[in-house]
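Chain order of the listed sequences is G and B.
Numbering follows numbering that gives the first Met the number 0, in which position 103 of the first sequence is assigned residue number 102; successive positions increment by one, without gaps.
Numbering follows numbering that gives the first Met the number 0, in which position 108 of the second sequence is assigned residue number 107; successive positions increment by one, without gaps.
Quick reminder that beta carbons are idealized off the backbone N, C-alpha and C, glycines included.
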Amino acid sequence: MDIVVLSRWQFALTTIYHFFFVPLTLGLAWFVAILETMYVRSGNPMYKRLTKFWGKLFLINYAMGVVTGIVMEFQFGMNWSEYSRFVGDVFGAPLAVEGLLAFFLESTFLGVWIFGWERISKKLHAAVMWIVAIGGNLSAFWILAANGFMQHPVGYEIVNGRAQMTNFGALLGNTRALYLFLHTFFAGLVTAAFFMLGFSIYHLVKKQDEEAFRKSFVLSAVIGLISAVAVGGAGHAQGVYLREVQPMAAAASEAHYETADPADFHLIAGIDQEGRKTTWSITIPKALSFLYFFKWEGEVEGLNQVQAQYEQLYGPGNYIPNIPIAFWTFRAMVGAGLLMVLLSLGALIIAWKKYPEKWIRRSGWLVWIIFLPYVANTTGWLLTETGRQPWVVHGLMQTKDAVSPNLTPATVLISLIGFVLIYAALMVIDLYLLVKFAKKGLSAGDMDSVPITGEVETKKKGGK
Amino acid sequence: MDLNILWFILVAILYAGFFFLEGFDFGVGMLLPSLGRKDVERRAIINTIGPHWDGNEVWLIVAGGATFAAFPQWYATLFSGFYLGFFLLLFALIVRGVGFEFRSKLSAPRWRYGWDWAIAISSFFAAFLLGVVFTNLVRGVPIDGDMQYTGGFFTLLNPISLLGGLAVVMLFLFHGANFLSLKLSEGLRERSHNAARTYFPAALLFALGLFAALLFTPSAFSAKGVLSAILPVLAAAALVVSRVMMGKKKEGWAFICSSLAVVLTVAALFAALFPNVMVSSTDAANSLTIYNASSAPYTLKVISIIAAIMVPVVLAYQVWTYVVFKKRVKADAKNLTY
C-alpha cells in the first residue's frame, strides 16, 4: 500500500474515532448545565445528584475527546504536509483561533467545574458549566469553518501556487460551513438526548431512582424531538445548498447518474460503479426535483454530466467519488434520523401517559437506541468527507497531491497500527467505565471513588 | 518590527507558556509514584494539577495552531519531518490524559498504581521528546531545497538532542517538585522539598551542558552575539536562585525562579533560532526562516488582531483558576475530589 492510502486510512480512523466522543461532549454539556441551573433555581438536591451523575459520564467521555483531538491537529502536518503548505494561510487561522477562543475556555472552566464544587458559589458553578458548553460548541464552529473551506473554498486567491486568505469574514460566513455547524450542533444535542433517554429507560425498567430518571426522560425526550427535527431541517438545507456548490457530492449521495428534469429519487438502488449507472432501483418519480426545488420539476445534474464538465475544467481524470459509500451512508444517516424523530415522539407519549407499567416492563431493549445517533454521526461524516473526493480542497487540490512526500509506507504503517491498538484498548476501557457508572444510577455521581488504605507496595516481597 | 518578527515572538511566548505550565504538570506526573506512598497521597499530588492540566495542555494546541497559521511551511516541514517523534509524543499525551481521568474510577490497587506508572512514564517521554524536538530545531536537521526533511527517525536522536531531551526532563522534575512544595502540605510538602534538592544538580548540569553544546553549533549562539549568550546565563542563574530560595523555605520564590528558568531556557532556544525557524544542516540556504515559511501579511494581520484581544482574556481567566485553587492540597480522604 502507498502512503496516500495508508494516510487516508489513518486519518479516517482517527477522525471517526474522535467524532465518536465529540458530539456527546457538545450536547451533554448543555444538559448538565440545564440540570445544574434547575438545581440552583429550585434548591432541590435531586437535581444536584442528577447534575453530578450525568456530569460524571460527561467527564469520562470528555477525556477521550480531548486526547484524540490533539492527534487531529498534529496529523495535518504529519501526514498531509503538502496540503498544509498549500492552505496553511487560510486553514491554519481558524484552527489557531479555535484553541485561543474556544478550547481554552472549555478546558480551563471544566477544570474549575470538576474541582470547584466547594470553592465557588452555586450560581457561579452553574455559570461555569454554561461556559464549558459554549466553549465546546464554539470550538465546533471554528473547526467546521476550516472544514467548510475544504468543501467549498471562499475568501482566498491563489498566489505562487498557494492559497492565500483575502477575506476572513467570507471564510467565517461561508454558507457551507454555517450549515455544517447547525447540523453538527443539533446532532450533538440529539446524541446527548438519546444517551440520556437510553440510560433513563434502563433505570426506569430497573425501578432505580425513578423520580430522577423520569425528569431525565422528559428532558431528553423534549430536547431530543426538537433537535432531531432541527438536525433534519439543517441537513436538508445543507443538501439543497450542496447541489449548488458541490453538485458531484450531491449527485453521489443520490446515485443520480444522468441529468434529468424532473429527476426521480432512488429510495434504494443497485450501483454499477464501473459502468457509471444504476442497475436497478426502487424509485419515487420526480421526488428528487421536489426535494431540491420544492416543486415537481427542475433540472438536477447527474454524475456523468458533472464528470464531463470537470474533465473540461480540470483535465482528464475520474472526479466521481465512491458512490456506494455516499449513497448508503446517506440512507443510513437519514434513516437513523427519522427513526429518532419517531422514537422521541413516542417517548413523549409515554411520559404523557405517566409511564404505564405495561410499557415499562417490555422496554429493556430500548437501551440500544443510544447507538442510533452514533450511526448517524459516523455515516454523516463519511458522506461529507468521501463525497468530496478526489479533492482534499474542492476544485483546488487533490488528496493524492496532499500527502507528505517524505514519508515511507513503513513509517505510516507503524503509526497506523499504534493508533489502532491504543484506540481499541481505550475504547474497551471507556465503554466499560461509562456503562459501569451509568448502570449504577445516581449514587455513581455522589459517591466519589474511595481511596485505597495502606501503603503502595513498592518492593516485591518474595513469594507474593 | 514587522509582523513576521511579531509572530515569531508570539509563537515563542506560546511555547514558553506551555513549557512553564505543562512543565510542572509533567514534573508532577514523573514524581507521582516516588513521592506518593499511599493512594490518598497520590490523589493529593494529582489534585494539585487536577483543575489545571487540561487548560495547560491547550497551550500546546494553541502553539501548534499558531505555528500552522503564521508559519505553515514550518508546521508542514516540522510535523512531517519529525513524524515518528510526534507520533510518540501523541501516544504519551494520550496515555497521560486518560490516566488522570481513569485512575480513580476503579478501586483495584493494580488498576490505580498501574495508571500512576503510566502517567509517570508518559510524562517522562512527553518531556523528553519535546526537548529532543526543540534542540533539533536549533541544531539543524537535513532539509533539502524544497523544504522537505530528508533524514530519518534516528537522525533526530543525536548526542545534542538527547542532551536537550534530558535537560528538559530534569528541569521539569525540579520545576514540578517546586510546584508541589508550594501546593502540598505536611509530610508531602517535606518530600517535595527533598525532591527539589535531589533533582537540582542534574537540572543545572544538563541545562549547562545543553547551553555549552549549542555554543559550538554554528547556526546558534556563536553567530548571534550578546543576547544569545545572556539568556542561557540568566536561565542558569534563575535555576541557582531557585535552589537557594528552596533552601530558605521560600517556596513561592523558588517556584517563581524555576518558572523563570524554564521560560528563559525556551527564550534562549528561540533566540538561538532567530531568524530561522528550522535550520537545515544540508545547506544553510535551505533553512526555513520567518520570511520564507510564513503566511501572507493579510493572514498575519487577522490573527494578530485576534491574538491581541484574546491572549489577555485567556491569561486573566487562567490566573483566576489558580486563585480559586490557591489553597494547599491535603492528603486527607474526606476533602479530596476523587
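Asked, Found
"CB contact check: L89(B) to chain G, cutoff 8 Å", "yes"
"Below-8 Å beta-carbon distance, M164(G) vs any chain B residue", "yes"
"Length of the line joining the Cα atoms of A11(B) and P71(B)", "15 Å"
"Any chain G beta carbon closer than 8 Å to F123(B)", "no"
"Residue from V301(B), N291(B), A306(B) with nearest C-alpha to A75(B)", "N291(B)"
"Cα-Cα separation between L20(B) and N405(G), rounded to whole angstroms", "33 Å"
"Test: L179(G) CB closer than 8 Å to a CB of chain B", "no"
"Interface partners of E100(B) on chain G, CB under 7 Å", "L58, I59, A62"
"M195(G) vs F436(G) beta-carbon contact at 8 Å", "no"
"Per-residue DSSP class, three states only, for K459(G)", "Its pLDDT being 42, under 50, K459(G) is placed unreliably by the model, and nothing is read from it."
"Rounded separation between L156(B) and V131(B) - CA only", "7 Å"
"For E300(G) and G232(G), the rounded distance between their alpha carbons", "23 Å"
"Min CB distance M309(B) to chain G below 8 Å", "yes"
"Start-end ranges of the alpha helix (DSSP H) lying completely within the region 350-374 of chain G, minimum 4 residues", "356-360"
"Near-chain G residues of the region 190-209 of chain B - C-beta to any C-beta below 7 Å", "none"
"is_contact[S403(G), chain B] using C-beta, thresh 8 Å", "yes"
"Selection from G297(G), E253(G), L395(G), I270(G) that minimises the alpha carbon distance to Y313(G)", "L395(G)"
"I304(B) in three-state terms, based on DSSP", "helix"
"Residues in the region 62-81 of chain G having any Cβ partner in chain B nearer than 9 Å", "A62, M63, V65, V66, T67, G68, I69, V70, E72, F73, Q74, F75, G76, M77, N78, W79, S80, E81"
"Cβ neighbours of F17(B) in the same chain (closer than 7 Å, five flanking residues each side left out)", "W58, L59, A62"
"Proximity below 8 Å, CB of P22(G) to CB of N376(G)", "yes"
"The region 55-73 of chain B: positions lying closer than 7 Å to chain G by Cβ", "V57, I60, V61, G63, G64, A65, F67, A68, P71, Q72"
"Three-state secondary structure assigned by DSSP to D208(G)", "coil"
"DSSP beta-bridge partners of Y155(G)", "M164(G)"
"Same chain only: Cβ atoms within 6 Å of F171(B), ignoring 5 sequence neighbours per side", "G22, F25, G26, A126"
"8 Å Cβ cutoff, D53(B) in contact with chain G", "yes"
"Beta bridge counterpart(s) of F264(G) as assigned by DSSP", "I283(G)"
"Interface residues of the region 286-313 of chain B facing chain G [CB-CB below 8 Å]", "S294, A295, Y297, T298, V301, I302, I305, A306, M309, V310, V313"
"Proximity below 8 Å, CB of V140(B) to CB of G150(B)", "yes"
"Every unbroken alpha helix (DSSP H) inside the region 70-105 of chain G [4 residues or more]", "80-96"
"Contact set between P450(G) and chain B, taken where Cβ atoms lie within less than 7 Å", "D38, V39, R42, A332"
"Test item: CB-CB of A195(B) and A176(B) under 8 Å", "yes"
"Contact with chain G by G184(B), beta-carbon distance below 8 Å", "Checking the displayed sequence, the identity of residue 184(B) turns out to be Ser instead of Gly. It does not; no Cβ of chain G falls within 8 Å."
"Cα-Cα separation, N159(G) to I142(G)", "26 Å"
"Of the residues G113(B), G80(B), V239(B), the one placed nearest R95(B), counting alpha carbons only", "G113(B)"
"Residues that DSSP places opposite Y148(B) in a beta bridge", "I142(B)"
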